[in-house]
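Numbering (my numbering), first residue to last: 1 to 113.
Cβ atoms here follow ideal geometry from the backbone N, Cα and C, with glycine treated the same way.
Working notes, structure below.
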Ligand code: 5GP
Ligand code: ZN
């Protein structure tokens, strides 16, 4: 996936404020934060969206979620945090490489917009 933005971040071809990574997932700050903590957690492997994921990606997606929880702990978001996984353009997905938003540090209303 040569021209995928987030694959380029994985390959360090474009800079990102990386917070944490493990063998299969990477966490970095969103360039346009919507909350005091706004971090994106991605699989290092290119998967365009949750709709493209297969059962063989189940462990990978689990690693993404666990890295997200570690980031939230490191950020000391004591009042709670929200994970968002926009899937499809109608839901606001603009980068087609799976990413979980970790949002926290301010009140988060429900339902989301
Ligand atoms: P989506 O709308 O697909 O759920 O989320 C994409 C996110 O990627 C947005 O929150 C946007 O601010 C973020 N983003 C877009 N381009 C870049 C970039 O070059 N670097 C970083 N760190 N975040 C980006
Ligand atoms: Zn990609």
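Checklist entry - Does at least one heavy atom of the ligand ZN sit under 7 angstroms from the Cβ of residue 97? => result yes
Item to check | With 16 other Cβ atoms within 10 Å as the buried cut-off, status of residue 76 | outcome: exposed
Item to check | Alpha-carbon spacing of residue 58 relative to residue 106, whole angstroms | outcome: 31 angstroms
Checklist entry - Where does the unbroken beta strand (DSSP E) through residue 63 begin, and where does it stop? => result Run containing residue 63: none in the beta strand (DSSP E); it sits in the alpha helix (DSSP H), 58-74.
Checklist entry - If we call anything under 8 angstroms between Cβ atoms a contact, is residue 47 one with residue 98? => result yes
Checklist entry - Under the three-state reduction of DSSP, which class applies to residue 6: helix, strand or coil? => result helix
Next on the checklist: Please classify residue 23 as buried or exposed, where buried requires at least 16 other C-beta atoms within 10 Å of its C-beta.
Outcome noted: exposed
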